[in-house]
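Chains as they are written, first to last, in my numbering: chain A, 1 to 341; chain B, 1 to 341.
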């Protein structure tokens, strides 16, 4: 069993992106514009047409079974439009992910985005999170630690500002992937810089905080192999030590997990060597940030299963990474896969 | 011969930090305050007292010969005070580095900071760069790609905004380490997040630009092992490919170098595996970001020579990393070491 814990709906029908464009154009013309969900329509066939030759085909070819599937990350664009458009947009994107999962119940299990907006209290997102989990069988969420789009104007994720989300996550027993979205700062390319910086930054915020004393069962996945963190594991161990903090094991590794979206063998080897196996979840972010074929290997850069297969770890470790850890982090996964949500 | 290309004057006398405090307090009270260099005095003995038991002792113990030595990175604080205080502060810090090098001519070779200030054109820094190199024998500079202190309000380093610095670097044939300073954004811890994010971000900026077509002899060192870059080398190779850019080899590796400030063996092994040996310069950032002893090894985290010694590369490769590459990147190093500057 191979579960990919990090897939986005990057093959959405044109109708969805067109709706978003008209929504943002509406706000440009009139800041009080209220978008209508009724303006959006697309057929199941349109969805199948895009999913079949991409995610579905690649799952089959690469030998993964289930993808934990969420709206396109850069598409969340929490810094765009208004708080109101963000609400409508999150609802529609989450509904579309639910539909994709209904069309391919063997292939996808849903994770939601939230209607975040810079400067707006995260507690406003609680109803959508509850709707997704309680009414639509979602098993987790993507939480954007920087809804301002690389301007980083909201408080760190360890601030009480965010607690209503965490209280709801604990209540529902769902984990969050801490995943930023697009960048409106010309210094940061989104997938080449902002994503990796976001991953690194949230880890350091957690290192300095006692958040997991407040919320011992809270679970976060840091995507893209943890940004710079495993490569600099010694630096982070040393910083924690210099600051008189507990060891990273004790402080973070009951609550923080890393995915395997690292697109070459040496990087994966570094990840597997320094991070305990129990904290690593298989992922490829397919179809996502990097789409080409690596001329050095002849396979897609993001075909991360090959790197795990080739890694010098035991079969039992591989089983943990490929699926067992996903079942323990996503407590609702098993039920969702049995179709009884 | 072992040359550490990344050392900061982190053991400065109290007189220097006191001067800075009074300078910033002066500006707080009166934005037009002009600081006086005359307010700053310290004796050679005060300098020796702090350097001897730290950098000098550690060089001897760890077996490195020469440190390329620059002002404290977080101390640059380009976002603090005013453009005028930044000028005075850069001058004094650079003079102090020169004095430290004069006190220990066998141990240190100087690199300068610039009087950068957010929103102020970098060309204003050219006179100080020329003074340091032409009149005081400095062999390189630290260039802060984000003088706003983690607010990232200035243009990317590939923007023409920065060209006067690059023209001067080419004219003087000196390389720059692209090193950010402190953070005034509570999201970013300076050494645990802002530094690594800065390193990653400048690399992606360079990947998207043709800067080195404009300046074929320009040389940049990306510190802290390149932030997240070597760990995500496949991602960056794939992004360049997806964007229709040349290979990273062709695009960047005649001009971009990485240091070895990565504080554990697995990270160094990853760096050495993916980055060509010719692009790696030995460094420890001693005494710097991480000061403790790693309980897993019994040695200091930042005793990076041990990781290179233990790495599975040839003796010739080690010689390149430990010193040969430094001589080729810092064209003025040999002359500076012979004392004939």
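Ideal Cβ positions, reconstructed from N, Cα and C, are used throughout, including at glycine.
ask   = Measuring CA to CA, which of A:47, A:17, A:96, A:285 is closest to residue 352 of chain A?
value = In the structure as shown, chain A starts at 1 and stops at 341, and residue 352 of chain A therefore has no counterpart that could be examined.
key: Buried or exposed by the 16-neighbour rule on C-beta atoms within 10 Å, applied to residue 134 of chain A   = The residue you call residue 134 of chain A lines up with position 134 of the first chain. By the 10 Å Cβ count, residue 134 of chain A comes out exposed.
query = Would you say the region 79–98 of chain B touches the region 310–324 of chain B, given that touching needs at least three Cβ pairs under 8 Å?
reply = Touching, no.
request  = Please name the residues in the region 127–157 of chain A whose beta-carbon is closer than 9 Å to at least one beta-carbon of chain B, in chain order.
outcome  = 145, 146, 150, 151, 152, 153, 154, 155, 156, 157
Contacts that residue 207 of chain A makes with chain B (C-beta to C-beta distance below 9 Å) = Here residue 207 of chain A is taken as the residue at index 207 of the first chain, counted from 1. Correct list: 189, 192.
request  = State the Cα-Cα distance for the pair residue 98 of chain A and residue 55 of chain A, rounded to the nearest angstrom.
outcome  = Taking the first chain and counting its residues from 1, the one referred to as residue 98 of chain A is at position 98. Taking the first chain and counting its residues from 1, the one referred to as residue 55 of chain A is at position 55. Their backbone Cα atoms lie some 15 Å apart in a straight line.
task = Determine the closest residue to residue 227 of chain B out of B:196, B:173, B:177, B:182, with distance taken between C-alpha atoms.
result = One-based indexing of the second chain puts residue 227 of chain B at position 227. Residue B:196 is the option with its Cα nearest to residue 227 of chain B.
request  = Flag this pair as touching only if the region 272–290 of chain B and the region 220–240 of chain B have three or more C-beta atom pairs under 8 Å; answer yes or no.
outcome  = yes
query = Would you call the CB atoms of residue 146 of chain B and residue 81 of chain B closer than 8 Å?
reply = For the purposes of this step, residue 146 of chain B is identified with residue 146 of the second chain, where counting begins at 1. For the purposes of this step, residue 81 of chain B is identified with residue 81 of the second chain, where counting begins at 1. No. Outside cutoff.
task = Give every residue of the same chain whose Cβ lies closer than 6 Å to the Cβ of residue 210 of chain A, excluding the five residues on either side of it in the sequence, and list them in chain order.
result = Taking the first chain and counting its residues from 1, one reaches residue 210 of chain A at position 210. Shown here for residue 210 of chain A: not one same chain residue has a beta carbon closer than 6 Å to its own, the five before and five after excluded.
task = Using alpha carbons as the reference points, say which of B:281, B:303, B:270, B:150 lies closest to residue 118 of chain B.
result = Stepping through the second chain from its first residue, residue 118 of chain B is reached at position 118. For the residues B:281, B:303, B:270, B:150, the minimum Cα distance to residue 118 of chain B belongs to B:150.
Length-filtered (3 minimum) beta strand (DSSP E) runs lying within the region 180–242 of chain B = 220–222
ask   = Less than 8 Å separating the beta-carbons of residue 15 of chain A and residue 42 of chain A?
value = Here residue 15 of chain A corresponds to residue number 15 of the first chain, with the count starting at 1. Here residue 42 of chain A corresponds to residue number 42 of the first chain, with the count starting at 1. For residue 15 of chain A and residue 42 of chain A, yes; Cβs fall inside 8 Å.
ask   = What are the boundary residues of the alpha helix (DSSP H) that residue 342 of chain B is part of?
value = The structure shown has nothing for residue 342 of chain B, since chain B only spans 1 to 341.
key: Burial state of residue 298 of chain A, where buried means 16 or more other Cβ atoms lie within 10 Å   = The residue given as residue 298 of chain A occupies position 298 in the first chain. Label assigned to residue 298 of chain A: exposed.
request  = Out of B:305, B:289, B:19, point me to the one whose CA is closest to residue 265 of chain B's CA.
outcome  = Counted from its first residue, the second chain places residue 265 of chain B at position 265. Here the closest residue by C-alpha is B:305.
query = Between which two residues does the alpha helix (DSSP H) harbouring residue 129 of chain B extend?
reply = As a working note, residue 129 of chain B is residue 129 in the second chain. First-last of the alpha helix (DSSP H) with residue 129 of chain B: 126–130.
task = Tell me, please, whether the CB atom of residue 117 of chain B is closer than 8 Å to any CB atom in chain A?
result = In the second chain, counting from the first residue as 1, residue 117 of chain B sits at position 117. No, residue 117 of chain B lies away from the interface with chain A (no Cβ there is under 8 Å from its Cβ).
request  = Kindly indicate if chain A contains any beta-carbon less than 8 Å away from that of residue 78 of chain B.
outcome  = Position 78 of the second chain holds residue 78 of chain B. By this cut-off, residue 78 of chain B is not an interface position.
query = Name the chain B residues that come within less than 8 Å of residue 262 of chain A, Cβ to Cβ?
reply = As a first step, residue 262 of chain A must be located in the first chain, where it is residue number 262. Within chain B, the residues near residue 262 of chain A are 231, 232, 234, 235.
message = Quick test of your reading: residue 170 of chain B and residue 217 of chain B, contact by CB under 8 Å. State the CB separation rounded to the nearest angstrom.
response = The sequence position of residue 170 of chain B within the second chain is 170, counting from 1. The sequence position of residue 217 of chain B within the second chain is 217, counting from 1. Yes, residue 170 of chain B and residue 217 of chain B are in contact; Cβ-Cβ is about 6 Å, under 8 Å.
ask   = Checking contacts by CB at 8 Å: is residue 273 of chain A closer than that to chain B?
value = Mapped onto the first chain, residue 273 of chain A falls at position 273. Look at residue 273 of chain A: its C-beta is under 8 Å from a C-beta on chain B.
query = Residues of chain B with a CB under 7 Å from the CB of residue 196 of chain A: which are they?
reply = Taking the first residue of the first chain as 1, we reach residue 196 of chain A at position 196. For a Cβ distance threshold of 7 Å, residue set 200, 228, 232 of chain B lies close to residue 196 of chain A, ordered along the chain.
message = Can you check whether the C-beta of residue 254 of chain B is within less than 8 Å of a C-beta belonging to chain A?
response = In the second chain, the residue the question calls residue 254 of chain B occupies position 254. Judged by the 8 Å Cβ criterion, residue 254 of chain B is not in contact with chain A.
query = Should residue 140 of chain A be labelled buried (16 or more other beta-carbon atoms within 10 Å of its own) or exposed?
reply = As a working note, residue 140 of chain A is residue 140 in the first chain. Looking at its Cβ environment, which holds 16 or more other Cβ atoms inside 10 Å, residue 140 of chain A is buried.
query = Would you call the region 105–121 of chain B and the region 32–39 of chain B in contact, with 3 or more CB pairs under 8 Å?
reply = Output reads no: the region 32–39 of chain B does not touch the region 105–121 of chain B.
task = Pull up the CB-CB distance for residue 125 of chain A and residue 165 of chain A, whole angstroms please, since I reckon it's below 8 Å.
result = Taking the first chain and counting its residues from 1, the one referred to as residue 125 of chain A is at position 125. Taking the first chain and counting its residues from 1, the one referred to as residue 165 of chain A is at position 165. Yes, they are in contact, since the Cβ atoms of residue 125 of chain A and residue 165 of chain A sit about 6 Å apart, within 8 Å.
inquiry  = Taking the straight line between their C-alpha atoms, what separation do you get for residue 100 of chain B and residue 182 of chain B?
reply    = On the second chain, residue 100 of chain B is found 100 positions in, with the first residue counted as 1. On the second chain, residue 182 of chain B is found 182 positions in, with the first residue counted as 1. Residue 100 of chain B and residue 182 of chain B have their alpha carbons spaced roughly 23 Å apart.
inquiry  = Please return the same chain residues whose Cβ sits closer than 7 Å to the Cβ of residue 105 of chain B, not counting the five positions on each side in sequence.
reply    = Translated into positions along the second chain, residue 105 of chain B becomes position 105. So the qualifying residues of the chain are 339.
query = Which whole-angstrom value is the C-beta distance of residue 245 of chain B and residue 251 of chain B, which I expect to be below 8 Å?
reply = Stepping through the second chain from its first residue, residue 245 of chain B is reached at position 245. Stepping through the second chain from its first residue, residue 251 of chain B is reached at position 251. The pair is a contact, with the Cβ atoms about 6 Å apart (cut-off 8 Å).
request  = Could you give the DSSP three-state label for residue 73 of chain A: helix, strand or coil?
outcome  = As a working mapping, residue 73 of chain A is identified with position 73 in the first chain. In this structure, residue 73 of chain A counts as helix in the three-state DSSP scheme.
inquiry  = One question on the structure: do residue 89 of chain A and residue 122 of chain A come within less than 8 Å of each other, judged by their Cβ atoms?
reply    = The sequence position of residue 89 of chain A within the first chain is 89, counting from 1. The sequence position of residue 122 of chain A within the first chain is 122, counting from 1. Not a contact, by the Cβ cut-off of 8 Å.
ask   = Just curious, the alpha helix (DSSP H) that residue 164 of chain A is in, first and last residue?
value = The residue you call residue 164 of chain A lines up with position 164 of the first chain. Note, residue 164 of chain A: alpha helix (DSSP H), 163–172.
ask   = At least one CB of chain A closer than 8 Å to the CB of residue 270 of chain B: is that the case?
value = Stepping through the second chain from its first residue, residue 270 of chain B is reached at position 270. Taking 8 Å as the CB threshold, residue 270 of chain B lines the interface with chain A.
query = Counting along the chain, where does the beta strand (DSSP E) carrying residue 257 of chain B start and finish?
reply = On the second chain, residue 257 of chain B is found 257 positions in, with the first residue counted as 1. Segment 256–259, the beta strand (DSSP E) holding residue 257 of chain B.
message = On the CB-based measure, 16 or more other CB atoms within 10 Å of its CB, does residue 57 of chain A come out buried or exposed?
response = Locating residue 57 of chain A in the first chain gives position 57, counting from the first residue. The residue in question, residue 57 of chain A, is exposed, as its Cβ has fewer than 16 Cβ neighbours within 10 Å.
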